[in-house]
Amino acid sequence: MNSLSKTFFILLLTTIIALGQKESMNIPSPLESSMMISVTIGGAFVVTGSFSASITERVDQFVTRIYAQAVQNYNKDVPQKRREVFFGGVNLNDAEMNLFEFSKRGITLIRSNGEKLTIDLAKFRLNGDFINNPYLKNDDVLIFPVLQLEKNFFSIQGAVNKPGEYQYVAGDRLSDAIDLAMGINPAYENVNEVIINRLSYDGEKEELLKFKISDNPELNIGDRIMVLSEETGRKNFKVFLIGEVNKPGYINITKNNTALRDVITRAGGFKQNADLNRSELIRGVNVFKNILFTEEFENMMMMRMANITDEDSLSFAIDNKLRFARGNGIIDFNEILNENSNEGNFIVKDGDVIFIPEKLNLVYVFGQVKKPGYIEYREGELYDYYIDKADGKGEMAKDEVYVIKGQSRTWLEVKEKQKIEIEAGDYIWVPKDIPRTFNYYMDRITLVSSVVGTLATLILIILQVAK
């Protein structure tokens with residue numbers, strides 16, 4: 140190896156070692172150092188002071204990096220328990236509450252030569268216009284204004300993609316508001332006008348100012364903008380079919396004009412084994428899907444002026460819970476495809492569920508029978524036939540028997556020698572005769588005796604007073 144080769148090898152080895160030391164000690168290389176600049180952050184940002192930046196960094200990249208470092212440092216410095224409270228949003232002081240909030244609009248960039256630029260990072264992050272995200276230069280200063288959305292705001296609602304409340308910056312116009320709301324929602328047609336609701340300084344008076352969007356009026360602090368359009372009826376209205384139809388699943392419908400007959404037809408009609416006697420159309424009651432229309436709220440509204448006994452209240456609570464969970468359409472599914480019947484004209488609604496069960500051809504017998512379970516249905520047979528098939532009643536069975544209808548779950552008590560038609564899918568229940576102990580009867584006698592004694596005492600007092 141000649142001297143030149145040796146010199147080159149030594150230089151290469153020295154460079155590799157130096158780079159390794161730089162990496163482990165996080166020391167910038169001379170080349171990197173020559174590309175670093177100093178940028179100062181002031182105003183109402185997460186942290187303030189002078190920070191190193193690359194000459195290839197734009198404002199948004201720099202701000203995002205410094206922000207992330209501040210959050211990381213906070214998480215290291217603040218005890219774990221304190222951080223849990225912070226992220227839970229409970230019992231925080233004002234400094235902590237505002238730690239991660241900063242203005243993304245109205246940021247002032249001051250160059251070392253005195254040039255001033257107004258930066259709008261919110262707009263840049265929406266439309267990618269680099270006018271609001273320039274490259275940084277050495278000795279740049281970024282001044283962040285205070286963020287006070289409760290006072291320094293405007294709001295925009297209506298036919299826009301992202302309605303909401305936004306930070307107001309002096310000089311904002313209607314076009315700025317629409318840009319921040321991510322533009323006009325293409326689902327709406329003929330969007331040409333807005334109404335601006337403008338309050339007086341004391342908040343007691345309002346002006347309703349109507350403008351064409353093309354007028355692009357200047358905004359005031361606190362303006363509330365409504366982008367006008369008739370509500371679109373083009374929504375994904377559909378019903379869901381379960382069970383024995385040829386094409387189960389979602390069926391698209393109109394808002395208010397699709398008949399149940401049309402839905403079944405689009406689903407390819409019923410299968411041969413569809414049990415139309417037990418079929419149901421189920422409609423949820425909480426159509427608003429809003430916390431003000433919860434089951435609890437609905438129950439309180441129902442009970443507010445009710446005049447019923449405690450026993451009836453329990454029964455009503457069960458019935459009302461079922462009503463809220465699923466309101467059923469009273470429909471004879473056997474007549475749906477009959478063009479001369481009104482049953483098929485029932486108008487379905489978005490979110491309806493149509494359940495077409497399979498024919499069971501079975502009756503379920505349970506309770507105090509020796510062999511509870513499904514028994515094959517036989518047309519014309521009464522309840523006692525199925526009890527016999529279940530090996531008869533058990534020793535603890537009561538005399539009464541109940542037939543529970545398969546679709547409606549209606550309970551029918553079978554009286555002696557009463558003939559109740561049994562249908563496929565019905566239930567037959569034999570209740571248990573609960574044994575009573577001696578203490579039970581003594582408690583009943585004591586209760587009755589107490590009532591009788593009280594009545595006797597009252598009668599004697601009344602007789603004495605009458606004398």
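Residue numbering for the sequence shown follows this note's numbering, starting at 140 and increasing by one per position.
Beta carbons are placed, not taken as given, at the ideal position from N, Cα and C, and that holds for glycine.
Nearest-angstrom Cα distance between residue i and residue j?
| i | j | result |
| --- | --- | --- |
| Leu602 | Thr596 | 10 Å |
| Ile258 | Met175 | 22 Å |
| Asp278 | Phe292 | 32 Å |
| Thr593 | Val587 | 10 Å |
| Met535 | Pro570 | 9 Å |
| Gly407 | Gly564 | 25 Å |
| Asn477 | Ile486 | 16 Å |
| Leu367 | Arg244 | 26 Å |
| Val542 | Val553 | 7 Å |
| Asp523 | Phe505 | 13 Å |
| Arg443 | Ile600 | 40 Å |
| Ser251 | Thr371 | 53 Å |
| Phe409 | Asp471 | 14 Å |
| Ser294 | Lys377 | 33 Å |
| Thr247 | Leu256 | 6 Å |
| Tyr305 | Ser191 | 31 Å |
| Ser177 | Leu260 | 20 Å |
| Asn359 | Gln296 | 16 Å |
| Ala137 | Arg417 | One cannot answer for residue 137 here, as it falls past the ends of the chain, which runs 140 to 606. |
| Lys558 | Leu551 | 11 Å |
| Ser454 | Arg548 | 15 Å |
| Ala326 | Asn375 | 12 Å |
Of all the options the options, which has the alpha carbon lying nearest to the alpha carbon of residue i?
| i | options | result |
| --- | --- | --- |
| Leu624 | Met444, Lys488, Gly490, Tyr513 | Here the chain covers residues 140 to 606 and nothing more, so residue 624 does not appear. |
| Tyr307 | Asp538, Asn324, Gly361, Ser177 | Gly361 |
| Ala207 | Phe241, Ile194, Thr195, Ser177 | Phe241 |
| Glu435 | Ala326, Thr549, Lys276, Arg462 | Arg462 |
| Ile567 | Tyr516, Thr585, Ile584, Asp582 | Tyr516 |
| Tyr525 | Lys537, Lys510, Leu260 | Lys510 |
| Lys262 | Ser314, Leu275, Asn212 | Ser314 |
| Asn324 | Ala298, Leu338, Asp216 | Ala298 |
| Asp489 | Asn416, Ile495, Asn396, Asp414 | Asn396 |
| Leu415 | Tyr327, Ile447, Gly545 | Gly545 |
| Leu275 | Gln211, Gly310, Glu196 | Glu196 |
| Gln507 | Gly533, Ala529, Ile584 | Gly533 |
Go ahead and pull the three-state DSSP assignment for residue i.
| i | result |
| --- | --- |
| Val202 | helix |
| Arg607 | Residue 607 cannot be examined here, being either before or after the span of the chain that is shown, 140 to 606. |
| Gln296 | strand |
| Ser191 | strand |
| Thr404 | helix |
| Glu482 | helix |
| Ser588 | helix |
| Phe376 | coil |
| Ala413 | strand |
| Leu275 | coil |
| Thr257 | strand |
| Gln211 | helix |
| Arg363 | strand |
| Gln287 | coil |
| Ala595 | helix |
| Lys349 | strand |
| Ala398 | strand |
| Leu476 | coil |
| Met440 | helix |
| Asn232 | Note on Asn232: pLDDT 49, under 50, position unreliable in the model; the coordinate value appears next. Residue state, collapsed to three classes: coil. |
Under 8 Å by Cβ, that's how I've got residue i and residue j pegged, so tell me the actual separation to the nearest angstrom.
| i | j | result |
| --- | --- | --- |
| Ile390 | Leu380 | 6 Å |
| Leu420 | Asp491 | 6 Å |
| Ile334 | Lys349 | 5 Å |
| Pro302 | Ala183 | Not really, about 26 Å apart at Cβ, beyond 8 Å. |
| Ile475 | Gly468 | Their Cβ separation, rounded to whole angstroms, is 11 Å, which puts Ile475 and Gly468 out of contact at 8 Å. |
| Asn300 | Ala316 | Not really, about 12 Å apart at Cβ, beyond 8 Å. |
| Thr179 | Val280 | 5 Å |
| Asn272 | Val198 | 5 Å |
| Ile364 | Asn331 | Not quite, the Cβ-Cβ distance comes to about 14 Å (not below 8 Å), so this is no contact. |
| Ile561 | Glu520 | 6 Å |
Say whether chain B places a C-beta atom closer than 8 Å to the C-beta of residue i.
| i | result |
| --- | --- |
| Lys554 | In the structure shown, chain B cannot be found, because there is only a single protein chain. |
Query raised in the report: Going along the chain, which unbroken runs of the beta strand (DSSP E) with 3 or more residues stay wholly within the region 519-585?
Result: 540-543, 550-553, 566-569
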